[in-house]
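Engineer: Take this structure first; my questions come after.
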Amino acid sequence: METIWQDLRYGFRVLRASPGFAAVAVLSLALGIGANTSIFSVVNAALLRPLPVTEPDRLMFVYTGRSLSSPYSVSSYPDYIDYRDKNEVFSDLLTYSSITMSSRADDQTDLLSGSIVSGNFFDALGVRPALGRTFLPEEDVTPNTHPVAVISHGLWERRFGSDPKVIGQQLALNGHAFTIVGVAPSGFDGPEVLETNDIYVPMMMQALVRPPRGGFSGDMNPDLLGRRGSRWLRIVGRLKPGVTPEQAQAGMTTLAAGLEQAYPDQNRNTIATLFPLSKVDPQAYTQLISVAGLLLAVVAIVLLIACANVANLLLARASARRKEIAVRLALGASRSRLVRQLLTESVLLSLAGGVVGLLLALWTIDLLKTATPTSGVFSFTLDYHLDGRVLAFTFALSLATGVIFGLAPALQASRPDLVPALKDEVSVVAQGRRRLSLRNLLVVAQVALSLVLLIGAGLFLRSLKNAQDIDPGFEADKVLNAQLNINLLRYTKAQGQEFYRQVIERVEALPGVESASLARVVPMSGTGRSTSFQIEGQEAPENTVRSEGTGSQEDPNTASANVVGLKYFKTMGIGLLRGRDFTAQDKEGAPMVIVINEAFARRFFEGQEALGKRVSFRGPQGPWSEIVGVVRDSKYRTLGENPRSTVYQPLAQNHETGMALHARTSSKPASLAATVWREVQSIEPNLAVTSVESMADVVGGSLFAARMGAVLLAIFGLLALVLAAVGLYGVMSYSVSRRTREIGIRMALGAGSGNVLRLVLKEGMTLVGGGVAAGLIAAAALTRLLASFLYGVSPMDATTFVAIPLVLALVALLANYLPARRATKVDPMEALRYQ
100 METIWQDLRY GFRVLRASPG FAAVAVLSLA LGIGANTSIF SVVNAALLRP
150 LPVTEPDRLM FVYTGRSLSS PYSVSSYPDY IDYRDKNEVF SDLLTYSSIT
200 MSSRADDQTD LLSGSIVSGN FFDALGVRPA LGRTFLPEED VTPNTHPVAV
250 ISHGLWERRF GSDPKVIGQQ LALNGHAFTI VGVAPSGFDG PEVLETNDIY
300 VPMMMQALVR PPRGGFSGDM NPDLLGRRGS RWLRIVGRLK PGVTPEQAQA
350 GMTTLAAGLE QAYPDQNRNT IATLFPLSKV DPQAYTQLIS VAGLLLAVVA
400 IVLLIACANV ANLLLARASA RRKEIAVRLA LGASRSRLVR QLLTESVLLS
450 LAGGVVGLLL ALWTIDLLKT ATPTSGVFSF TLDYHLDGRV LAFTFALSLA
500 TGVIFGLAPA LQASRPDLVP ALKDEVSVVA QGRRRLSLRN LLVVAQVALS
550 LVLLIGAGLF LRSLKNAQDI DPGFEADKVL NAQLNINLLR YTKAQGQEFY
600 RQVIERVEAL PGVESASLAR VVPMSGTGRS TSFQIEGQEA PENTVRSEGT
650 GSQEDPNTAS ANVVGLKYFK TMGIGLLRGR DFTAQDKEGA PMVIVINEAF
700 ARRFFEGQEA LGKRVSFRGP QGPWSEIVGV VRDSKYRTLG ENPRSTVYQP
750 LAQNHETGMA LHARTSSKPA SLAATVWREV QSIEPNLAVT SVESMADVVG
800 GSLFAARMGA VLLAIFGLLA LVLAAVGLYG VMSYSVSRRT REIGIRMALG
850 AGSGNVLRLV LKEGMTLVGG GVAAGLIAAA ALTRLLASFL YGVSPMDATT
900 FVAIPLVLAL VALLANYLPA RRATKVDPME ALRYQ
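Numbering follows the numbering used here, in which position 642 of the sequence shown is assigned residue number 741; successive positions increment by one, without gaps.
Take a look at the structure:
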């Protein structure tokens, strides 16, 4: 310990004596370590940080899929009851569903996110309230009898000012009074990592807080608890002591098979699949792993480039300390002792870089928080902060970095040629022979790694530009969108129709509004529907209506679906190709009609006229809907999708309660957002109007992942380019300084400044050429992994693979030119006296 302490003190004195060198090295390392810490904090928040529950490793999702190809689906409440009461592998089984609720207080209406949960929700998770209590057993028995709620710690602080007397207060939810009985503990935001809940209510209050939105059938029965075919719940089980996940899977598989036999109509082909709760949602988990792997690989490359930079600095510094090291060896110091001392200095540098990197990471994390979307297709919530795991990662990374960049220079510096070193001489011949020195190899590696990152950034930028140039099929920059969640208020059919009539009438009367309409599905918002149907005269498929993404669009007689109001196509700017639009005559009781898009017509009526054909959404018994119009294709879910077969139904004949308002404006849609919001609130004060934004913002939100990928890779790529250019400049400057005498002799013998310039540039650009060649080979192999992240760009895009190396070569040429230019200014007489 005493020897280590001596090494630390000596290393600190040595670094303090060279503040310029220390500052450059620490800053280079801080950039690399800070980037890694920032990205690791995101990975930690999304994938590694355990939920604040008791024994999280024993908690398992229980999914009930329809087949092995789509096993991760939600369950019905009757299925949950059977699983809970009949299983022999879980000590506790809970269920919940995410909900949104309209909450009005102090003349302001907000939309709260939360969960409707079974009565044993908190007990099964092992979560104890910070104030009050959780739900009692009797509150989970009889529907609509116990309007109570547990609020989150965040909502308690935000809305109630951390008032300890909050227990017993009333909170209006969806127009009904609920009594607050407890406050959840700080840090517990629900059973899923990427979601944050404001409030929890008992399952028995489903009819009030989670009413159905209706469907193509217009079924508004508020009871979801008694319908085995209504699948909307997630189930989580706690394994019994001694029961393995494999044993639990076998037990639940047997139980699911028994339910299929008992209820063949509702549970046909239903299977049970278990998945660890700690790994988030299984479908999101795979995507998160791939994104996390990409980001960690990128920042690891940045750190390697920074390490190569500092290693080159240490090699240059070791050359300047040759005499000191030779004297210590001559006096009897062992080589291992010198290596340890030099490694101590490099570790001190890396630890200092780690401290500065943490400060950079804190700033970066704040930027990430502001960049994280809270609405739209990519909305999620992550708790970014530097916890013990992130700090341990940074410390370990700093230590490892110190060893990685310090070991090779220490080994090389500790074996000098003693006699020339003691005389402080430099062998010109040796200098001339060692063109493939460690310093040069490090420069080649830096150039290669930076080229890989820059090509990746170039591919993402071209991909983003392609995505932004894609025509969505509607005029997004002229349409304002607002969600009207009146289903939360349990409107009757008549009330809903009157509400929608008043909204359209008042919004269309606003100055600057050309037309207004309604739609059940907002294009590009991440939500959607698909439905099975039968074309008259064809074989009937299984009748289903499901959320988009739970089945393939290529299934026979399956199409995307939307319910829309009058003037929808005019409002959105979707062109009518043949036939007619919906009219006021297409009302309830009139012959049922639909409009289809081009893709639907091509797929199901190739070579025929679609107009006049009839379609049923309820099987061969009808009722039948006549196709009265064909409209232009438009994007439904993502910009990168191929045209989806889509069917549009009129709202008047298919009552829905979760509609969105679309308003076509003559000016910028955002300028009318506040006015539209006030008009809707004047009709229904208890309705929280959310997501009042232009359709251009909705489309832009769908590009969040592509945009963030392009921005992050561009930032890291430019950082890598700067580090590589600095490293190249440093190597060439050092080379020129060490070859001053050689250059002076050449100039004394008649070499001109142009000859010297070409000599130095050739040496530097040879290194760059080697790095570019290696980088192109590596990029060709690695960019294939990016194919799933790109819009309309090949991973081997020729433009990117040509333009990026040229840009890098120009930057490298500038980094070479400066020391080469300085070499031409060498005075031969001064150079001949050098050393």
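Yeah, the Cβ is synthetic: ideal placement off N, Cα and C, and Gly gets one too.
For the segment 819-900, which segments carrying the alpha helix (DSSP H) assignment without a break, of at least 4 residues, lie completely within its bounds, in sequence order?
Structural biologist: Segments of the alpha helix (DSSP H) lying fully in the segment 819-900: 839-847 and 852-881.
Engineer: Report the rounded CA-to-CA distance for PHE220 versus GLY627, giving the unit in angstroms.
Structural biologist: Position 121 of the sequence shown, counting from 1, holds the residue named residue 220. Position 528 of the sequence shown, counting from 1, holds the residue named residue 627. Straight-line Cα distance between these residues: approximately 30 Å.
Engineer: Specify the secondary structure class of TRP331 as computed by DSSP and reduced to three states.
Structural biologist: The count along the sequence shown starts at 1 and reaches residue 331 at position 232. TRP331 falls in the coil class under three-state DSSP.
Engineer: Beta-carbon within less than 8 Å of ASP486's beta-carbon, same chain only, minus the 5 sequence neighbours each way: which residues are those?
Structural biologist: As a first step, residue 486 must be located in the sequence shown, where it is residue number 387. Excluding residues within five positions, the ones whose Cβ falls inside 8 Å are ASN143 and ARG148.
Engineer: Return helix, strand or coil for ARG600, following the three-state DSSP convention.
Structural biologist: Within the sequence shown, the letter at position 501 stands for residue 600. Correct three-state label for ARG600: helix.
Engineer: Give the single residue among LEU552, LEU676, ALA399 and GLU778 whose Cα lies nearest to the Cα of PHE598.
Structural biologist: Translated into the one-based positions of the sequence shown, residue 598 becomes position 499. Looking at the Cα atoms, GLU778 is the closest of the given residues.
Engineer: Are VAL398 and LEU510 touching if we call contact CB-CB under 9 Å?
Structural biologist: Sequence index remark: in the sequence shown, residue 398 carries index 299 (1-based). Sequence index remark: in the sequence shown, residue 510 carries index 411 (1-based). Taking 9 Å as the Cβ cut-off, VAL398 and LEU510 do not qualify as a contacting pair.
Engineer: Touching or not, the segment 763-777 and the segment 579-591, by the rule of three or more beta carbon pairs under 8 Å?
Structural biologist: Taking one beta carbon from each stretch, the segment 763-777 and the segment 579-591 have 3 or more pairs nearer than 8 Å; the two touch.
Engineer: Buried or exposed for THR882, going by 16 or more other Cβ atoms inside 10 Å?
Structural biologist: Counted from its first residue, the sequence shown places residue 882 at position 783. So THR882 counts as buried.
Engineer: Tell me, please, whether the segment 322-335 touches the segment 124-136 by the rule of three or more beta-carbon pairs shorter than 8 Å.
Structural biologist: no
Engineer: For the segment 827-837 and the segment 908-925, state whether three or more C-beta atom pairs, one from each stretch, are separated by less than 8 Å.
Structural biologist: yes
Engineer: Based on the DSSP output, what are the partners of PRO749 in its beta bridges?
Structural biologist: As a first step, residue 749 must be located in the sequence shown, where it is residue number 650. According to the DSSP secondary-structure assignment, PRO749 is paired through a beta bridge with VAL663.
Engineer: Throw me the rounded Cβ distance for the PHE815 and ALA134 pair, which I believe falls under 8 Å.
Structural biologist: On the sequence shown, residue 815 is found 716 positions in, with the first residue counted as 1. On the sequence shown, residue 134 is found 35 positions in, with the first residue counted as 1. The Cβ separation is near 7 Å, so the contact holds.
Engineer: Could you give the uninterrupted runs of the beta strand (DSSP E) lying entirely in the segment 437-466, keeping only those of 3 residues or more?
Structural biologist: none
Engineer: Can you tell me which of the three DSSP states GLU66 falls into?
Structural biologist: The question about residue 66 has no answer, for the chain in this structure spans 100 to 934.
Engineer: Quick one: Cα of THR295 to Cα of VAL280, how far?
Structural biologist: By one-based count along the sequence shown, residue 295 stands at place 196. By one-based count along the sequence shown, residue 280 stands at place 181. Going by the C-alpha atoms only, they are around 20 Å apart.
Engineer: Since I believe ASP576 is in contact with ALA248 (beta carbons under 8 Å), could you give me their beta-carbon distance rounded to a whole number of angstroms?
Structural biologist: Within the sequence shown, residue 248 is the residue found at index 149, counting from 1. Within the sequence shown, residue 576 is the residue found at index 477, counting from 1. Between ASP576 and ALA248 the Cβ distance is about 41 Å, and since that is not below 8 Å, they are no contact.
Engineer: Can you round the beta-carbon distance between PRO310 and ARG589 to whole angstroms, since I take them to be within the 8 Å contact cut?
Structural biologist: As a position in the sequence shown, residue 310 is number 211, starting the count at 1. As a position in the sequence shown, residue 589 is number 490, starting the count at 1. Indeed, because the Cβ distance is near 5 Å, the residues count as touching under 8 Å.
Engineer: Could you work out which residue in TRP255, ILE298 and SER172 is closest to SER329 when comparing CA atoms only?
Structural biologist: Position 230 of the sequence shown, counted from the first residue, corresponds to residue 329. Nearest of TRP255, ILE298 and SER172 to SER329, Cα basis: SER172.
Engineer: Spell out the partners DSSP gives TRP61 in its beta bridges.
Structural biologist: Since the first and last residues shown for the chain are 100 and 934, residue 61 lies out of range.
Engineer: Would DSSP call PRO301 helix, strand or coil?
Structural biologist: Indexing the sequence shown from 1 puts residue 301 at position 202. PRO301: strand per DSSP, three-state reduction.
Engineer: Could you spell out the range, first to last residue, of the alpha helix (DSSP H) harbouring MET794?
Structural biologist: The residue labelled residue 794 in the question sits at position 695 within the sequence shown. That run of the alpha helix (DSSP H) goes 794-801.
Engineer: Measuring only the C-alpha atoms, how far is GLY672 from VAL797?
Structural biologist: As a working mapping, residue 672 is identified with position 573 in the sequence shown. As a working mapping, residue 797 is identified with position 698 in the sequence shown. Rounded to the nearest angstrom, the two C-alpha atoms are 16 Å apart.
Engineer: Work out the CA separation of VAL216 and MET351 for me, nearest whole Å.
Structural biologist: Locating residue 351 in the sequence shown gives position 252, counting from the first residue. Locating residue 216 in the sequence shown gives position 117, counting from the first residue. Roughly 21 Å between the two C-alpha positions.
Engineer: Report the rounded CA-to-CA distance for ASN565 versus MET895, giving the unit in angstroms.
Structural biologist: Position 466 of the sequence shown, counted from the first residue, corresponds to residue 565. Position 796 of the sequence shown, counted from the first residue, corresponds to residue 895. Rounded to the nearest angstrom, the two C-alpha atoms are 16 Å apart.
Engineer: Which residue comes first and which comes last in the alpha helix (DSSP H) that contains LEU548?
Structural biologist: Residue mapping note: residue 548 aligns to position 449 of the sequence shown, counting from 1. Run containing LEU548: 537-568, per the alpha helix (DSSP H) assignment.
Engineer: Which residues in the same chain have their Cβ closer than 7 Å to the Cβ of GLU653, if we skip the five residues on either side of it in sequence?
Structural biologist: Along the sequence shown, read from residue 1 onward, the residue named residue 653 stands at position 554. The pLDDT assigned to GLU653 is 44, lower than 50, so where the model puts this residue is not dependable, and the model offers no usable value.
Engineer: Once you ignore the five residues that flank ILE198 on each side, which residues in its own chain have a CB closer than 7 Å to its CB?
Structural biologist: The residue you call residue 198 lines up with position 99 of the sequence shown. Cβ within range, chain order: GLY213, SER214, ILE215, VAL308 and ARG309.
Engineer: DSSP puts TYR195 in a beta bridge; with which residues?
Structural biologist: As a working note, residue 195 is residue 96 in the sequence shown. Paired residues: VAL216 and ARG333.
Engineer: Short check: CB of ARG327 to CB of GLN365, under 9 Å?
Structural biologist: The sequence position of residue 327 within the sequence shown is 228, counting from 1. The sequence position of residue 365 within the sequence shown is 266, counting from 1. Cβ atoms of ARG327 and GLN365: closer than 9 Å.
Engineer: For ASN696, which residues does DSSP report across the bridge?
Structural biologist: The residue given as residue 696 occupies position 597 in the sequence shown. Answer is VAL730, bridged to ASN696.
Engineer: When DSSP labels each residue in this structure, what does PRO508 get in the three-state scheme?
Structural biologist: The count along the sequence shown starts at 1 and reaches residue 508 at position 409. Note: PRO508 maps to helix in three-state DSSP.
Engineer: Do THR630 and PHE716 have their CB atoms nearer than 9 Å?
Structural biologist: In the sequence shown, residue 630 corresponds to position 531, counting from 1. In the sequence shown, residue 716 corresponds to position 617, counting from 1. Closer than 9 Å, so yes.
Engineer: Run the CB neighbour count on ALA116, radius 10 Å, all protein chains shown included, and call it buried at 16 or more, exposed below.
Structural biologist: For the purposes of this step, residue 116 is taken as residue 17 along the sequence shown, with counting starting at 1. Exposed, because fewer than 16 other Cβ atoms sit within 10 Å of the Cβ of ALA116.
Engineer: Taking 8 Å as the limit between beta carbons, can you name the residues of its chain near ILE266, skipping five residues before and five after?
Structural biologist: Here residue 266 refers to the residue found at position 167 when the sequence shown is read from its first residue. Answer for ILE266: LEU230, GLY231, ILE279, VAL280, GLY281 and VAL282, listed in chain order.
Engineer: For a minimum of 3 consecutive residues, which ranges assigned as the beta strand (DSSP E) are wholly contained in the segment 124-148?
Structural biologist: none
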